[in-house]
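Position 248 of the sequence shown, counted from 1, bears residue number 943 in my numbering, the numbering being contiguous throughout. Each residue gets a CB set at the ideal place from its N, CA and C atoms; glycine is no exception. All remarks here apply to the structure that follows.
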Amino acid sequence: MRRTLTVAAATAALLLPGGPQPEAEAGTAPAKAPATDRWSAREAESFWTADRMASAVPISRGGAPAAVDGTGRDFDGIPVVGRMFVMKGGGAYFCTASVVASPGRDLVLSAAHCLLGTDARQVAFVPQYTAQNPQPYGMFPVLRDAAGRSKVWIDPRYRELGADKGAALDVAFAQVGPDADGYPVEDVVGGNRLVTGAPYAHKQVSLIGYPASAARPRLCVNRTTKFTSTDPGIPGSFLRIDCTGYPGGTSGGPFLTGFDERTETGDVVGVIGGWKTGGDTPDTSYSSYFGADVRKLYEKALAGARVA
């Protein structure tokens, strides 16, 4: 079974402690944001009702610190991670996404297979979604360009090669507009720092994702190892983590190191995706390696996000 996009507290003490991260500055007034007349936060909130979000399903893919034992557990989530909702064809779907720090304070990170497809529309990010509290921090619409296409950046080789042969490139960035009050997402919930070029092996990684059948997100803490595929149809080396209970819907969920309980952010070194689009069992997950290709894609997103 491959991890998929899904159709539409534990307290901070449960989260992995780590080194200090700079706290995102709280805006004293709404920052000037790109025009969103083609898909605004209010339109997104009107479209993505609580019932529609609750009905979303996965897209098929071809206290004390948490114990470092690979056991996943449901928790109330953190603001910087949420659900990414998208319409594809006639269905409502979701995957997991997280805010990544950027100069424009308006980028989110997910897996490429979550946002691939020319029919993707009405795309919106909802931080810390739970069934009990669907919009604790509002809703942030993925912006559209002048041609009406969602502003999503995916390596063109992934589009050309497909999910298996392009598995090492299963990463996507998207630009979101401000919330209904005019604030950019990073001002509201903070942002994780993108780290590229790190080792494959990390002693402690917090894995967060939104399982298809769960009312709340899932947290697991464990080490990562390097996995190199021997299947010529799915080439590449990936981060691997053993964490129980990550089925459909968790794709795009961040691998976080150095989590800071004060800011509730960390360093993002991967997202669920890559080998077999994230894994063929719910208890082992993978990520494309965040190296030079991901850094270039991030820089491309930064440049594209500056274009009004």
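- Message: For a minimum of 3 consecutive residues, which ranges assigned as the beta strand (DSSP E) are wholly contained in the segment 915-950?
- Response: 932-937
- Can you tell me which of 917, 911, 890 puts its alpha carbon nearest to the alpha carbon of residue 897? 917
- Message: Could you tell me the alpha carbon to alpha carbon distance between residue 843 and residue 997, rounded to whole angstroms?
- Response: For the pair residue 843 and residue 997, the Cα-to-Cα distance works out to about 19 angstroms.
- Mind checking which residues open and close the alpha helix (DSSP H) that includes residue 851? 851-860
- Message: Short of 7 angstroms in beta carbon distance, which residues of its chain neighbour residue 793, apart from the five on each side in sequence? Order them along the chain.
- Response: 775, 776, 803, 804, 887, 949, 963
- Query: Straight-line CA distance for residue 968 to residue 817?
  - Reply: 22 angstroms
- In three-state terms, what does DSSP make of residue 743? Coil at residue 743, not helix or strand.
- Query: Thinking just about the alpha-carbon of each residue, which of 784, 957, 999, 934 is nearest to the one in residue 981?
  - Reply: 934
- Residues near residue 781 by beta carbon distance below 6 angstroms, same chain, minus five either side: Correct list, in chain order: 788, 815, 818.
- Query: Leaving out the 5 sequence neighbours to the left and right, which residues in its chain are closer than 7 angstroms to residue 959 when beta-carbon positions are compared?
  - Reply: Exclusion of the five residues before and after residue 959 leaves 707, 773, 774, 775, 885 as the residues of its chain whose Cβ lies within less than 7 angstroms of its Cβ.
- Label residue 741 either buried or exposed according to how many other C-beta atoms from any shown protein chain fall within 10 Å of its C-beta, with 16 as the threshold for buried. exposed
- Query: What do you reckon, are the CB atoms on residue 971 and residue 929 nearer than 8 angstroms?
  - Reply: yes
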